[in-house]
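Trainee: Chains as they are written, first to last, in the numbering used here: chain A, 273 to 602; chain B, 273 to 602. Before I ask anything, let me first share the structure, which is written out below as structure tokens.
Protein chains: 2
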Amino acid sequence: MEDVAHLAGVSLKSVSRVVNREPHVSDTLRAKVEAAIAALSFVPDTAARSLAGSRTFIVGLLFDNPSPNYTMKIQSGVYRACVEQQYHLRIDNIESDRPHAEVEAQLDAIVRNSRCDGFILTPPLTDNIQVLAFLERRNIRYARIAPNSELGRSPCVAIDDAAAGALVARRLWNLGHRRLGVVSGPPLHRAGDRRRTGFLAAIRELDPAVVVAEADGLFSFESGIAAGADLLARDPRPTAIFATNDDSAAGVMVACGRAGLRVPHDISLCGFDDSWVAKSVWPYLTTVYQPIEEMGYVAASLLIDRGETGERQVMLGFHLVERDSLAPPS
Amino acid sequence: MEDVAHLAGVSLKSVSRVVNREPHVSDTLRAKVEAAIAALSFVPDTAARSLAGSRTFIVGLLFDNPSPNYTMKIQSGVYRACVEQQYHLRIDNIESDRPHAEVEAQLDAIVRNSRCDGFILTPPLTDNIQVLAFLERRNIRYARIAPNSELGRSPCVAIDDAAAGALVARRLWNLGHRRLGVVSGPPLHRAGDRRRTGFLAAIRELDPAVVVAEADGLFSFESGIAAGADLLARDPRPTAIFATNDDSAAGVMVACGRAGLRVPHDISLCGFDDSWVAKSVWPYLTTVYQPIEEMGYVAASLLIDRGETGERQVMLGFHLVERDSLAPPS
DNA sequence: AATCATTCAGTCAGCGCTGTCAAGACTGCG
DNA sequence: CGCAGTCTTGACAGCGCTGACTGAATGATT
Chain A
273 MEDVAHLAGV
283 SLKSVSRVVN
293 REPHVSDTLR
303 AKVEAAIAAL
313 SFVPDTAARS
323 LAGSRTFIVG
333 LLFDNPSPNY
343 TMKIQSGVYR
353 ACVEQQYHLR
363 IDNIESDRPH
373 AEVEAQLDAI
383 VRNSRCDGFI
393 LTPPLTDNIQ
403 VLAFLERRNI
413 RYARIAPNSE
423 LGRSPCVAID
433 DAAAGALVAR
443 RLWNLGHRRL
453 GVVSGPPLHR
463 AGDRRRTGFL
473 AAIRELDPAV
483 VVAEADGLFS
493 FESGIAAGAD
503 LLARDPRPTA
513 IFATNDDSAA
523 GVMVACGRAG
533 LRVPHDISLC
543 GFDDSWVAKS
553 VWPYLTTVYQ
563 PIEEMGYVAA
573 SLLIDRGETG
583 ERQVMLGFHL
593 VERDSLAPPS
Chain B
273 MEDVAHLAGV
283 SLKSVSRVVN
293 REPHVSDTLR
303 AKVEAAIAAL
313 SFVPDTAARS
323 LAGSRTFIVG
333 LLFDNPSPNY
343 TMKIQSGVYR
353 ACVEQQYHLR
363 IDNIESDRPH
373 AEVEAQLDAI
383 VRNSRCDGFI
393 LTPPLTDNIQ
403 VLAFLERRNI
413 RYARIAPNSE
423 LGRSPCVAID
433 DAAAGALVAR
443 RLWNLGHRRL
453 GVVSGPPLHR
463 AGDRRRTGFL
473 AAIRELDPAV
483 VVAEADGLFS
493 FESGIAAGAD
503 LLARDPRPTA
513 IFATNDDSAA
523 GVMVACGRAG
533 LRVPHDISLC
543 GFDDSWVAKS
553 VWPYLTTVYQ
563 PIEEMGYVAA
573 SLLIDRGETG
583 ERQVMLGFHL
593 VERDSLAPPS
């Protein structure tokens, strides 16, 4: 930095001002400094910055029970935001199903150790009141991804799961399906539940007389097989099934195969997530895309911007990805 | 740290010595300091350590084209090693399929920006000579995961892919299969090729007269469908197929389904990786487990140990995970 | 014309640790 | 018993940057 200051003929502090985009810097000075920075391809030292200043230029990403696909996508979005803003990304893992005290200890170790500027929370951490309270007590900023409660409590980013469920409902309805089935997610997964209730509500609105067959799923492939078998055994048998995530949809597809039913000729099937499974089954799964990578990006941006911009709650879009698992009832 | 020194009645430097496990520290002093550290639950400040010293306590993990599953597993292994050694993990992404100069620029930005103690390289970066040369030119340490060439060039960790291929060959042979098929990986994936050649060599040894049907795959689901269809059309039709990764094995399974063949009753199928796909198909795939998470762990340990321990090249074990896709020929 | 507010640039201490050097306490050996 | 050599501890500067402060110059206000 000294070299830069020398080359530009200004003080160290002025270079610092330019680097940090502080106000009260004249255009000529800024220009000189920027030229010098470019000439020397100067990069400020993160360690020194965080030691001297109050920021650390690190955002922490907290995970729990990583579903590889989801986790990876969130991470790459967060990473992209970090690179753009010259921040670093630190990953940490929490096992939130441990006893209270132990979770607290894990958190404590992480925050002591990493002095992040803030954390990004992914489900199920997102709705873990204990974690939220801990962070608030320590006065640590955090942003949440896909929270299910107390949206105002922190910056957060999500999609409208109920509306997405309704979208699927309308699509199946418009195809002509009147005997519908739905596979739920784990009991505590509120987002999954909102997909289900949104679906149900939309059908009820279309025709209150239609009853939708329901089966319990756990968002796993295996649970999808069971739920599918369950649904297929109903009388009358559904002509279309909405599984609230892709893994269980893949399971339902296996159940269909075992029952001798071909997708989509004999039965239509729709998943949710547009995860990697959707293209690892045959036929390729029609599913709802949710912008997971983008959610990571937005969450990180929210955190880094330090509330300078207005929006604290961001709702992102979603859309149906039409592939090969939907058809009119035969 | 000052508080610790005070409480233990020693100098700052002595605390530093204990924290860094430096030699020439008496047991009594160490004990005093450790007690004080525990009492105050002191955690050294990483920023200050890296500013003052030569180490940064950060290991960088370099990725390219993340296959979510593999990437996640590597990452969690590396993470585990980092936590144990009080290091931090930084993730960075390289797009190595760009032109030479651009890759160089990406690398340059990363090393300038993050001053890591070393990097961990995953395939295909592992065998990218350009990346290796760059790091060496800058005198930056690195460890490689599953390299295919110049093993001695750096610390690295891998499995014996050829032996794993041979293991599959013997298993299928012992089941009684004599008409065999194999699905290869992408042309440049050397590890995949060694699985294939290891398989072929083992069969040749068992009976030189047996010819193995071969089909080209790309490690993708879709390519597996095509390769499976190809193999199934041969005359005589193979009774067992070895796909050199799980994704293509899943594709082969679809091809079998479409051809009206049931796995494993009509045809046996073996994958490789024990990735998450292996349990997202029905029947569950018998496959070769390779300790991906462990490879990440070992690579990070190799990097952090700074060559103090002897082993620079570590070969890890693998084993067959018997699930439901193998049976004697019908 | 005098006063005050505001913008712009610079000085300097110090963030929390480690590397270097030096001094004191030992040890072994002639 | 003395001297070189080794082990153990401490003093202190300084890593590269930023926050708090100071001072000068400019503009706005009475």
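By construction, the Cβ of each residue, glycine as well, lies at the ideal position given by its N, Cα and C atoms.
Rounded to whole angstroms, what is the Cα-Cα separation between residue 476(A) and residue 530(A)?
Mentor: Your numbering for residue 476(A) matches position 204 in the first sequence. Your numbering for residue 530(A) matches position 258 in the first sequence. Their Cα atoms are separated by approximately 31 angstroms.
Trainee: Reducing DSSP to helix, strand and coil, say where residue 559(B) ends up.
Mentor: Locating residue 559(B) in the second sequence gives position 287, where the first residue counts as 1. DSSP places residue 559(B) in strand when its eight states are reduced to three.
Trainee: Under 9 angstroms between beta-carbons, which chain B residues line up against residue 391(A)? List them in chain order, please.
Mentor: In the first sequence, residue 391(A) corresponds to position 119, counting from 1. By Cβ distance, chain B contributes nothing, its closest Cβ being about 14 angstroms from residue 391(A), past 9 angstroms.
Trainee: Look at the Cβ atom of residue 435(B), then the Cβ atom of residue 419(B), and state whether they are nearer than 9 angstroms.
Mentor: Numbered from its first residue, the second sequence carries residue 435(B) at position 163. Numbered from its first residue, the second sequence carries residue 419(B) at position 147. In this structure, residue 419(B) does not lie closer than 9 angstroms to residue 435(B) by Cβ.
Trainee: Are the CB atoms of residue 368(B) and residue 336(B) nearer to each other than 9 angstroms?
Mentor: For this step, residue 368(B) is matched to residue 96 along the second sequence. For this step, residue 336(B) is matched to residue 64 along the second sequence. It is a contact, given that the beta carbons lie within the stated cut-off.
Trainee: At which residue ranges does the region 500 to 560 of chain B contain complete beta strand (DSSP E) runs of 3 or more residues, listed in the order of the chain?
Mentor: Counting whole runs of 3 or more residues, the region 500 to 560 of chain B contains the beta strand (DSSP E) stretches 512 to 515, 540 to 545.
Trainee: Beta carbons nearer than 7 angstroms to chain A: which residues of the region 351 to 374 of chain B have them?
Mentor: If the cut-off is 7 angstroms between Cβ atoms, the region 351 to 374 of chain B has 351, 360, 361, 362, 363, 365 near chain A.
Trainee: Can a CB atom of chain B be found closer than 9 angstroms to the CB of residue 497(A)?
Mentor: Here residue 497(A) refers to the residue found at position 225 when the first sequence is read from its first residue. It does: the Cβ of residue 497(A) has a partner Cβ on chain B nearer than 9 angstroms.
Trainee: Which residue wins for smallest C-alpha separation from residue 569(A), given the options 479(A), 487(A), 415(A)?
Mentor: Counting from 1 along the first sequence, the entry for residue 569(A) is found at position 297. Here the closest residue by C-alpha is 415(A).
Trainee: For residue 602(B), is the classification buried or exposed, using 16 other Cβ atoms within 10 angstroms of its Cβ as the cut-off for buried?
Mentor: What you label residue 602(B) is simply residue 330 of the second sequence in a count that begins at 1. Residue 602(B) comes out exposed.
Trainee: Give a yes or no on whether the C-beta atoms belonging to residue 504(B) and residue 541(B) are separated by under 9 angstroms.
Mentor: Numbered from its first residue, the second sequence carries residue 504(B) at position 232. Numbered from its first residue, the second sequence carries residue 541(B) at position 269. Contact: no.
Trainee: Alpha carbons only, please: which of 395(B), 454(B), 412(B) is nearest the one belonging to residue 258(B)?
Mentor: Because residue 258(B) is not part of the residues shown, which for chain B are 273 to 602, the question remains open.
Trainee: Is the distance from the Cβ of residue 324(B) to the Cβ of residue 280(B) below 9 angstroms?
Mentor: For the purposes of this step, residue 324(B) is taken as residue 52 along the second sequence, with counting starting at 1. For the purposes of this step, residue 280(B) is taken as residue 8 along the second sequence, with counting starting at 1. No, the pair does not count as a contact, with Cβ atoms beyond the cut-off.
Trainee: How many angstroms separate the CA atom of residue 520(A) from the CA atom of residue 554(A)?
Mentor: Numbered from its first residue, the first sequence carries residue 520(A) at position 248. Numbered from its first residue, the first sequence carries residue 554(A) at position 282. Rounded to the nearest angstrom, the two C-alpha atoms are 14 angstroms apart.
Trainee: At the 9 angstroms Cβ level, is residue 594(B) part of the contact set with chain A, yes or no?
Mentor: On the second sequence, residue 594(B) is found 322 positions in, with the first residue counted as 1. It does not: the Cβ of residue 594(B) has no partner Cβ on chain A nearer than 9 angstroms.
Trainee: Which runs of the alpha helix (DSSP H), 4 residues or longer, sit entirely within the region 384 to 437 of chain B?
Mentor: Segments of the alpha helix (DSSP H) lying fully in the region 384 to 437 of chain B: 401 to 409.
Trainee: Name the DSSP bridge partner or partners of residue 364(A)?
Mentor: Numbered from its first residue, the first sequence carries residue 364(A) at position 92. For residue 364(A), which the question treats as bridged, DSSP gives the partners 334(A).
Trainee: Compute the Euclidean distance between the alpha carbons of residue 458(A) and residue 522(A), then round it to the nearest angstrom.
Mentor: Here the question's residue 458(A) lines up with position 186 in the first sequence. Here the question's residue 522(A) lines up with position 250 in the first sequence. Looking at the two C-alpha atoms, the distance is approximately 16 angstroms.
Trainee: Any idea what DSSP makes of residue 481(B), helix, strand or coil?
Mentor: As a working mapping, residue 481(B) is identified with position 209 in the second sequence. In this structure, residue 481(B) counts as coil in the three-state DSSP scheme.
Trainee: In the structure shown, what three-state DSSP assignment does residue 599(B) receive?
Mentor: Here residue 599(B) refers to the residue found at position 327 when the second sequence is read from its first residue. If DSSP states are grouped into helix, strand and coil, residue 599(B) belongs with coil.
Trainee: Let me see if you follow: with CB-CB separation under 9 angstroms, is residue 347(B) close to chain A or not?
Mentor: For this step, residue 347(B) is matched to residue 75 along the second sequence. Closer than 9 angstroms: yes.
Trainee: For chain A, find out if any of its Cβ atoms is closer than 9 angstroms to the Cβ of residue 446(B); answer yes or no.
Mentor: Translated into positions along the second sequence, residue 446(B) becomes position 174. Judged by the 9 angstroms Cβ criterion, residue 446(B) is not in contact with chain A.
Trainee: Between the region 441 to 458 of chain A and the region 420 to 427 of chain A, can you find at least three pairs of beta-carbon atoms closer than 8 angstroms?
Mentor: Counting Cβ pairs under 8 angstroms, fewer than three are found: no touch.
Trainee: Do residue 535(B) and residue 493(B) count as a contact pair if the criterion is CB distance below 9 angstroms?
Mentor: Within the second sequence, numbered from 1, the residue matching residue 493(B) stands at position 221. Within the second sequence, numbered from 1, the residue matching residue 535(B) stands at position 263. No, the Cβ-Cβ distance between residue 493(B) and residue 535(B) is not below 9 angstroms.
Trainee: Going along the chain, which residues of the region 518 to 535 of chain A sit with their C-beta nearer than 8 angstroms to a C-beta in chain B?
Mentor: Result list: 519, 522, 526, 529, 530.
Trainee: Ordered along the chain, which non-local residues of its own chain (more than five positions away) have a Cβ less than 8 angstroms from that of residue 365(A)?
Mentor: Along the first sequence, read from residue 1 onward, the residue named residue 365(A) stands at position 93. Counting only Cβ-Cβ distances below 8 angstroms, and skipping sequence neighbours, we find 334, 335, 336, 338.
Trainee: Within 9 angstroms of any Cβ in chain B, is that where the Cβ of residue 291(A) sits?
Mentor: If you number the first sequence from 1, residue 291(A) lands on position 19. It does not; no Cβ of chain B falls within 9 angstroms.
Trainee: Let me know the secondary structure DSSP gives residue 358(A) once reduced to three states.
Mentor: Position 86 of the first sequence, counted from the first residue, corresponds to residue 358(A). Coil.
Trainee: Out of 461(B), 354(B), 452(B), which one is the CA nearest neighbour of residue 473(B)?
Mentor: Counting from 1 along the second sequence, the entry for residue 473(B) is found at position 201. For residue 473(B), the nearest C-alpha among the options comes from 452(B).
Trainee: Got a sec: is the Cβ-Cβ distance from residue 553(B) to anything in chain A below 9 angstroms?
Mentor: Locating residue 553(B) in the second sequence gives position 281, where the first residue counts as 1. Yes, contact with chain A.
Trainee: For residue 344(A), go through chain B and note every residue whose CB falls closer than 8 angstroms to its CB, in chain order.
Mentor: The sequence position of residue 344(A) within the first sequence is 72, counting from 1. Result: 338, 340, 343, 344.
Trainee: Near residue 421(A), which residues of its chain fall below 7 angstroms by C-beta distance, leaving aside the five closest residues on each side in sequence?
Mentor: Taking the first residue of the first sequence as position 1, residue 421(A) is located at position 149. Correct list, in chain order: 399.
Trainee: Please classify residue 567(B): does DSSP put it in a helix, a strand, or coil?
Mentor: On the second sequence, position 295 is the one that residue 567(B) refers to. Of the three classes helix, strand and coil, the one that applies to residue 567(B) here is helix, per DSSP.
Trainee: May I have a chain-ordered list of the alpha helix (DSSP H) segments no shorter than 4 residues that lie completely inside the region 288 to 330 of chain B?
Mentor: Listed in chain order, the complete alpha helix (DSSP H) runs (minimum 4 residues) inside the region 288 to 330 of chain B are 299 to 312, 318 to 324.
Trainee: Apart from the five residues just before and just after residue 379(B), which ones in its own chain have a Cβ nearer than 6 angstroms to its Cβ?
Mentor: Numbered from its first residue, the second sequence carries residue 379(B) at position 107. Once the five neighbours on either side are set aside, the close Cβ partners of residue 379(B) are 406.
Trainee: Excluding five sequence neighbours on each side, which residues of the same chain lie with their C-beta closer than 6 angstroms to the C-beta of residue 353(B)?
Mentor: Stepping through the second sequence from its first residue, residue 353(B) is reached at position 81. So the qualifying residues of the chain are 569, 572, 573.
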